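Novice:
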Amino acid sequence: MMLRRRQLIRLATGAVALPFASRLGLADGYPSRAVRVIVGLPAGNSPDIVARVMAQRLSERLGQPFVVENRPGAATSIATEIVVRAAADGYTLLLALAGNTVNQSVYKNLNYDFSRDIVPVASIGGIPLAMVVNPAVPATSVPEFIAYAKANPGKLLMASSGNGSLPHIFGALFAMMAGIDLVHVPYKESVFPDLLGGQVQLAFEPAPAVVGYINADKLRPLAVTTKERLRILPNVPTVGEFLPGYEGSGWIGLGAPRNTPNDVIEKLNAAVNAGLADTTLEAKLAGLGVVPIPMTAAEFKDYTVAETAKWAKVVAFAHITAE
18 MMLRRRQLIR
28 LATGAVALPF
38 ASRLGLADGY
48 PSRAVRVIVG
58 LPAGNSPDIV
68 ARVMAQRLSE
78 RLGQPFVVEN
88 RPGAATSIAT
98 EIVVRAAADG
108 YTLLLALAGN
118 TVNQSVYKNL
128 NYDFSRDIVP
138 VASIGGIPLA
148 MVVNPAVPAT
158 SVPEFIAYAK
168 ANPGKLLMAS
178 SGNGSLPHIF
188 GALFAMMAGI
198 DLVHVPYKES
208 VFPDLLGGQV
218 QLAFEPAPAV
228 VGYINADKLR
238 PLAVTTKERL
248 RILPNVPTVG
258 EFLPGYEGSG
268 WIGLGAPRNT
278 PNDVIEKLNA
288 AVNAGLADTT
298 LEAKLAGLGV
308 VPIPMTAAEF
318 KDYTVAETAK
328 WAKVVAFAHI
338 TAE
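Take any residue in the sequence shown, note its place counting from 1, add 17, and you have its number in this note's numbering.
1. Among ALA273, GLY306, ARG78, which has the Cα closest to the Cα of VAL54?
2. Could you give the distance in angstroms between the alpha-carbon of ARG74 and the alpha-carbon of VAL289?
3. Just list the residues that DSSP pairs ILE416 with in beta bridges.
4. Assign VAL84 to one of two classes, buried (16 or more other C-beta atoms within 10 Å of its C-beta) or exposed (fewer than that).
5. Would you report the Cα separation of THR30 and ILE141, rounded to the nearest angstrom?
6. Should the segment 59-76 be regarded as contacting the segment 294-302, the criterion being three or more beta carbon pairs within less than 8 Å?
7. Would LEU174 and VAL208 be called neighbours here (beta carbons separated by less than 8 Å)?
8. So which of MET312, THR325, LYS327, THR277 has the shortest CA-CA distance to ASP106?
9. Report yes if the C-beta distance between LEU239 and VAL331 is below 8 Å; otherwise report no.
10. When we look at the beta-carbon of GLU222 and count the other beta-carbons within 10 Å, is it buried (16 or more) or exposed?
11. Does the beta-carbon distance from MET71 to GLY215 come in below 8 Å?
12. Apply the 10 Å Cβ neighbour rule to ARG133 and answer buried if 16 or more other Cβ atoms are within range, or exposed otherwise.
13. Cutting at 8 Å between CB atoms, please list the residues of its own chain near ALA294, excluding the five before and the five after it.
14. Starting from SER94 and walking both ways along the beta strand (DSSP E), at which residues does that stretch end?
15. Report, in whole angstroms, the separation of the C-beta atoms of ILE328 and ILE186, which I expect to be a contact under 8 Å.
16. Let me know the secondary structure DSSP gives PHE162 once reduced to three states.
17. Could you tell me which of ILE95, GLY171, THR109, ALA92 sits nearest to LEU271, measuring between CA atoms?
18. For TYR204, collect the residues of the same chain with a Cβ closer than 8 Å to its Cβ; drop the 5 residues on either side in sequence, then sort them by chain order.
19. On the three-state DSSP scale, how would you describe ARG74?
Okay, here's the thing in structure tokens:
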């Protein structure tokens, strides 16, 4: 009778421990099949190419295909919701973008909460923006521009790629901190024809996209939005040098459904960071305008939480809504 009781205790203990042990060692066999990386933008644009470059590196390092799937629409919300609804097993990942933290405040009817439902996995890098003006604007520095804007309230037009887009948000933060009134002009197509032609005076655009215009003296750079100056525009100051505390950068990373096991997240994070340490991959990303910014998963989570709170204040101040 005693023997039987001991056997039952062993069996019961084993039954409880088995799922825990299986979950604890999940990353040991991960991935054992293809992993999907869902991208909320069309194929061929810069973030999509970044996703494909990183997917290839992860495939090589982890021994299973990482397959990019493009699900564009609704300002990346379609792709995000697909990942939110997916199994939390590490086999469906999201190409997370800075816009995800902005969308949380701009769009009031989302079927998910990005901060709650997506767990940050790994930072890939930042996308610096530059503040540029048409050469007809009589300002060669940020202080001169602010003075000119205060002397001409409501007369300076700021172009962007749409309501709630990063160029819009970065410009709104600038206006808020500088205490000036800029008129926002959203574009569905490229802002450059009207910016170069002088129909609009100002834009915040990805630095790699404006370097050619700057070198040709077709646009005048006043500042970059990042905390530090950029290699590609070494003589251009940061906005923060004139407005202390101003900082903004687009960013790209990987996210996963809430409750994805920590050991899987850590394995993916280590693989991404190992890739970012490779000079060949760094050069590829630089060609796409991305500055590698490796982080731990915990650091990336703290960063996305801070970004969400920061842009919520700007959205509320500027009364930004989705059209």
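By construction, the Cβ of each residue, glycine as well, lies at the ideal position given by its N, Cα and C atoms.
Note that this is a predicted model, so its numbers are computed, not measured.
Specialist: Concretely, from the data shown:
1. ALA273
2. 8 Å
3. This structure leaves residue 416 out entirely; the chain is present only between 18 and 340.
4. exposed
5. Here THR30 scores only 44 on pLDDT, less than 50, and its place in the model is too uncertain to base an answer on.
6. yes
7. no
8. THR277
9. no
10. buried
11. no
12. exposed
13. PRO311
14. Unbroken run through SER94 is the alpha helix (DSSP H), 94-102; no beta strand (DSSP E).
15. Residue identity differs from the one stated: residue 328 is Trp in this sequence, not Ile. Sure, about 6 Å apart at Cβ, within 8 Å.
16. helix
17. THR109
18. ALA176, SER177, SER178, GLY179, ASP211
19. helix
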